[in-house]
Every structure is written in structure tokens, then in C-alpha cells.
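Asker:
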């Protein structure tokens, strides 16, 4: 409970700073009053704010804030699922080809969209989302053996298919001009700085539904940590649960990557840290990772804004990689 309260307090502080920070800085108190003013009975809170300030907070910074939270939350919960299913704290959503599939879809949209009319009319996030889920589904199908899905084979298949997708994306880039190549590279770096309410509405149902499914299956995830045979003895339909949660993780990560690009280390580091703080019980780990992932991306987006619109993925990697190395060094031999 103390960890949850601390996460909520940090989220409130990060929200105030994010709404106040930008090319047109605002006092944090005024930004929070503007945020609360649309609520019934609180209209007077924003009386001292100009129409410009209201537009900056409610139409520019608030959707960016909410999208950052949802992206981080979705990636972190997807990381929880992958680490439980693979029984490996080093697992993350990209292990089943989500990131490489989304990158291939985005590359097709950005490079071929100007050449083929059928491609140009389809939004980029839809291409990325389709690529992420399509590749994840292919990895799963190629890994099936005798009605079962061996974890080791799933891992190796994900690596192979991910490499193939990366090669195809590079091949398509060869046909692109400098502007198209720049667009693809920038998308792969990840960002929530230029997205609006449409992107929030696009991600919100997937993030909430996926998180609810993950939490509902917390006991099943705990049972899977004991091994497939023990879980089956406890009455868990192991293969059905694995398929459902694998699809849930792919859906969460695919939706997040589709709207924000590739944001590294969130799905790896956040579940790892929450597990160190709360233990392996997924009834606590899943909601804590949901909040923690959202907090990490909000803070990273805030740092990116303060540095002059640096891509979000660069910040998460710069913050996440050293911190993860520190955790590994501090823990010594990690036990899942």
C-alpha cells in the first residue's frame, strides 16, 4: 500500500510539472486549476486563466500527458505478462516481435504511402498496429508443436522473425528518399510530443482492457510461476491461458508502439523494479506496474520537453539502461 500511495503522489507531482512545462511555461498551481476547472462545481478554479492558457493546458499538454501515461502503463503491463510467461526477468514485449512488426508497418506507411494510393489513405498507427499484431501472431503459430507452445521455441522464433522484419524494413528504406528515411528514423525513436486527443482515444480502450485482463488473471500468472505441470495440477488451462495472455501482451504493446513509436526499456525495467519492491505476487505487481510505467514515461516526456523536444525513446533508454545495469549489479545473481 505504501508503494501505491508513493506512486500516486509522484504521479500528481509529475502531472503538475508536465502541464506547467513547455515553450510557454505556466505556474504549476494555475495549470492544475485549469485541469480541474471542467469538473462540475469547480468552474471557478480556472477563472484567472486566459483562453490561451486554457487551450495550452487542455488541448496541447493534457493529451500529451495522458498519452504518455497510457503508453507507459501499457508497455509496463505487457512487460509483466512477458516476464511471467517466459519466467525470465529479462523478457519484454519486443521478444515476440511486437516492436519489429510495428516498425515494419510504419516503414511501409511512411515510404510506400507516397507511391501507392492504397497505402497513403491508411493512418500510420493502423499500419504499425497491424504489423505488431501480425508478426506476434506469426511468431506464435510458427512456435506451435503438438498443441503446445514451448517457451524456448517461442523465444527463438521471435528473434528470427524480428530479424526478418528488420531486414525487410531496411530493404524498403532503400527505396525511400532522405525525407522518408528521416521520418522513419524519428518514428522509431518514439515520441508523444505531437500527438493529440485522437491518439489518446485510439490507445485508451486497449490499455484499459488489456490491463483489466492482466489483473483478472493475476492468480493464473502466479500459478504459472510454479511451472506448467504444477499450474495444470492447480486447475489452470495452461495453453489457453498462455495464448490469451500472450495475445493481451501483444495487444498492449502493439497499441502503445503504434501511437508513440518505439519506447525502450519501460516494459523491461518497470516490472523489474516493482517486483523488487513488492515481490512476485501479480495481484500487486500488475497494478503497480501500470502506475509505475505511466509515471516513468510522463517523467521521460517531461525531460524530453525540457531538453528541446528530444525523442522520448532516447530519454527512456538513457535513463533506463544505466538504472537497469545498477539494479543488476546491486542484486548480484537475480532470482525470479
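Residue numbers (the numbering used here): 11 to 346.
Glycine included, each C-beta is placed from N, C-alpha and C at the ideal position.
As the structure is a prediction and not an experimental result, all values here were calculated from the model.
1. Is the beta carbon of residue 264 less than 9 Å from the beta carbon of residue 82?
2. Return helix, strand or coil for residue 155, following the three-state DSSP convention.
3. Rounded C-beta distance between residue 78 and residue 311? I'm assuming under 8 Å.
4. Counting C-beta neighbours from all protein chains within 10 Å, is the total for residue 22 16 or more, i.e. buried, or is it exposed?
5. Going straight from the alpha carbon of residue 228 to that of residue 242, what length do you get?
6. Does the region 37-45 come close enough to the region 60-78 to have 3 or more Cβ pairs within less than 8 Å?
7. Three or more C-beta pairs under 8 Å: does that hold for the region 321-330 against the region 252-267?
8. Helix, strand or coil: which one does DSSP assign to residue 284?
9. Three or more C-beta pairs under 8 Å: does that hold for the region 214-234 against the region 285-304?
10. Which whole-angstrom value describes the C-beta separation of residue 145 and residue 110, a residue pair presumed to lie in contact below a C-beta threshold of 8 Å?
11. Under the three-state reduction of DSSP, which class applies to residue 202: helix, strand or coil?
12. So, is residue 101 buried or exposed, given that buried needs 16 or more other C-beta atoms within 10 angstroms?
13. Out of curiosity, what's the CA-to-CA distance linking residue 190 and residue 160?
14. In three-state DSSP terms, what is residue 217?
15. Go ahead and label residue 35 buried or exposed: buried means 16 or more other beta carbons lie within 10 angstroms of its beta carbon, across all protein chains shown.
16. How would you label residue 212, buried or exposed, when you count the other beta carbons within 10 angstroms and need 16 or more for buried?
17. When you compare only the Cα positions, how much space is there between residue 130 and residue 122?
18. Could you check the C-alpha separation between residue 257 and residue 108 for me, to the nearest Å?
19. Which residue from 59, 49 and 50 puts its Cα closest to that of residue 30?
20. Going by beta-carbon coordinates alone, are residue 259 and residue 87 separated by less than 9 Å?
21. I believe residue 278 touches residue 80 by the beta-carbon criterion, under 8 Å. Please report the beta-carbon distance rounded to the nearest angstrom.
22. Within 10 angstroms of the Cβ of residue 197, are there 16 or more other Cβ atoms? Answer buried if so, exposed if not.
23. Use the C-beta contact count for residue 28: other C-beta atoms within 10 angstroms, 16 or more gives buried, fewer gives exposed.
24. Which stretch, first to last residue, makes up the alpha helix (DSSP H) that contains residue 232?
25. When burial is assigned at 16 or more other CB atoms within 10 Å of the CB, is residue 150 buried or exposed?
26. What residue from 254, 313 and 328 has the CA that sits closest to residue 75's CA?
27. Is the distance from the Cβ of residue 207 to the Cβ of residue 73 below 9 Å?
28. By how many angstroms is the C-alpha of residue 50 removed from the C-alpha of residue 57?
29. What is the residue span of the alpha helix (DSSP H) that residue 23 lies within?
30. Just mark residue 318 as buried or exposed, buried being the case when its beta carbon has 16 or more other beta carbons within 10 Å.
Answerer: On the basis of the coordinates in this document:
1. Counting from 1 along the chain shown, the entry for residue 264 is found at position 254. Counting from 1 along the chain shown, the entry for residue 82 is found at position 72. Taking 9 Å as the Cβ cut-off, residue 264 and residue 82 do not qualify as a contacting pair.
2. Locating residue 155 in the chain shown gives position 145, where the first residue counts as 1. Here residue 155 sits in strand by DSSP.
3. Counting from one through the chain shown, the residue named residue 78 turns up at place 68. Counting from one through the chain shown, the residue named residue 311 turns up at place 301. 4 Å between Cβ atoms; contact.
4. The count along the chain shown starts at 1 and reaches residue 22 at position 12. So residue 22 ends up on the exposed side.
5. Here residue 228 refers to the residue found at position 218 of the chain shown. Here residue 242 refers to the residue found at position 232 of the chain shown. Taking the straight line from one Cα to the other gives about 16 Å.
6. With the cut-off at 8 Å, the region 37-45 and the region 60-78 touch.
7. no
8. Within the chain shown, the letter at position 274 stands for residue 284. In the structure shown, residue 284 sits in a helix (DSSP, three-state: H, G or I).
9. yes
10. In the chain shown, counting from the first residue as 1, residue 145 sits at position 135. In the chain shown, counting from the first residue as 1, residue 110 sits at position 100. Between residue 110 and residue 145 the Cβ distance is about 6 Å, and since that is below 8 Å, they are a contact.
11. In the chain shown, counting from the first residue as 1, residue 202 sits at position 192. Residue 202 falls in the coil class under three-state DSSP.
12. In the chain shown, counting from the first residue as 1, residue 101 sits at position 91. Flag for residue 101 reads buried.
13. For the purposes of this step, residue 190 is taken as the residue at position 180 of the chain shown. For the purposes of this step, residue 160 is taken as the residue at position 150 of the chain shown. Their backbone Cα atoms lie some 39 Å apart in a straight line.
14. If you number the chain shown from 1, residue 217 lands on position 207. Here residue 217 sits in helix by DSSP.
15. Taking the chain shown and counting its residues from 1, the one referred to as residue 35 is at position 25. So residue 35 counts as exposed.
16. As a working note, residue 212 is residue 202 in the chain shown. Classification for residue 212: buried.
17. Here residue 130 corresponds to residue number 120 of the chain shown, with the count starting at 1. Here residue 122 corresponds to residue number 112 of the chain shown, with the count starting at 1. Reliability fails at residue 130, whose pLDDT of 48 lies under 50, so the model's placement of it is uncertain and no value is given.
18. Position 247 of the chain shown, counted from the first residue, corresponds to residue 257. Position 98 of the chain shown, counted from the first residue, corresponds to residue 108. If you take the alpha carbons of residue 257 and residue 108, they lie about 11 Å apart.
19. Looking up residue 30 in the chain shown gives position 20. Cα-wise, what sits closest to residue 30 is 59.
20. As a first step, residue 259 is located in the chain shown; it is residue number 249 there, counting from the start. As a first step, residue 87 is located in the chain shown; it is residue number 77 there, counting from the start. Yes; because the gap between Cβ atoms is below 9 Å, this pair is in contact.
21. Locating residue 278 in the chain shown gives position 268, where the first residue counts as 1. Locating residue 80 in the chain shown gives position 70, where the first residue counts as 1. 18 Å between Cβ atoms; not a contact.
22. Taking the chain shown and counting its residues from 1, the one referred to as residue 197 is at position 187. Burial state of residue 197 is buried, judged by a 10 Å Cβ sphere holding 16 or more other Cβ atoms.
23. Reading the chain shown from its first residue, position 18 is the one you call residue 28. Its Cβ being crowded by 16 or more others within 10 Å, residue 28 is buried.
24. For this step, residue 232 is matched to residue 222 along the chain shown. Where residue 232 is concerned, the enclosing alpha helix (DSSP H) stretches over 228-234.
25. In the chain shown, counting from the first residue as 1, residue 150 sits at position 140. With 16 or more Cβ atoms within 10 Å of its Cβ, residue 150 is classed as buried.
26. Your numbering for residue 75 matches position 65 in the chain shown. For residue 75, the nearest C-alpha among the options comes from 313.
27. Walking along the chain shown from the start, residue 207 turns up at place 197. Walking along the chain shown from the start, residue 73 turns up at place 63. In this structure, residue 73 lies closer than 9 Å to residue 207 by Cβ.
28. For the purposes of this step, residue 57 is identified with residue 47 of the chain shown, where counting begins at 1. For the purposes of this step, residue 50 is identified with residue 40 of the chain shown, where counting begins at 1. So the alpha carbons of these two residues sit roughly 14 Å apart.
29. Position 13 of the chain shown, counting from 1, holds the residue named residue 23. Element bounds for residue 23: 12-30.
30. As a first step, residue 318 is located in the chain shown; it is residue number 308 there, counting from the start. The residue in question, residue 318, is exposed, as its Cβ has fewer than 16 Cβ neighbours within 10 Å.
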